[in-house]
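Take a look at the structure set out below.
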Amino acid sequence: MLVPTTAFCALRCPACGCLEVYRVSLFALGGGRTFWLPCSCGTPLLGIGRQKGNGFWLKYNCTMCGGFHIWPAARGDLWGESLRTLICEDTGLEVGFFGPGHLVRRAVAFHERSLAELARDLGLDGEGWLGNACGGNNNTET
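Throughout, my numbering is defined as the position within the sequence shown, counted from one, plus 231.
Dropping the structure here:
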């Protein structure tokens, strides 16, 4: 049985609005290291570190409230076969996704389509109404 060691994380930057998709390797946390994933604008989006035993923590920058949220998780929660939705603790709204690449990409596509439909329904889909500092949807894999 193969144990997954790579997961993907999708988060929108609260500073510039860019959507970033990252590849996260379990091996990047070897030796008790912590690492941060920055947006292309330099804003820190996600920190990941180890706890005692088989535990990990995620600290993510929230687009909904502007603060950081911490999620303690087991290895299987992060590098497993399921999609995990990152939630704003203040608003209860979805702010990102963590899990296998194909599930993260599917969730991002659904989320982007839902936002586009909402903008169209509100009449905000004309030129100049919606955008962000990076020029739209900026999906990158790091």
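Ideal Cβ positions, reconstructed from N, Cα and C, are used throughout, including at glycine.
Bear in mind that the values here come from a model prediction, so they are computed numbers and not experimental data.
- With a threshold of 16 other beta carbon atoms within 10 Å, W267 falls short and is exposed.
- Cβ-Cβ distances below 6 Å link V339 to A241 in the same chain, with the five nearest sequence neighbours on each side left out; the list follows chain order.
- The beta-bridge partner set that DSSP reports for L277 consists of L268 and Y291.
- Between A259 and F287, the gap from beta carbon to beta carbon reaches 7 Å or more.
- From the listed residues T237, P235, W310 and V252, the smallest Cα separation to G327 is found for V252.
- Pairing D321 with C296, the inter-Cα distance amounts to about 7 Å.
- Per the C-alpha coordinates, the member of P275, V335, R315 and C247 positioned closest to R254 is V335.
- Bounds of the alpha helix (DSSP H) holding L309 are R306 to L309.
- The three-state secondary structure of V234, taken from DSSP, is coil.
- Using a 10 angstroms sphere on the CB of L276, the tally of other CB atoms reaches 16 or more, which defines it as buried.
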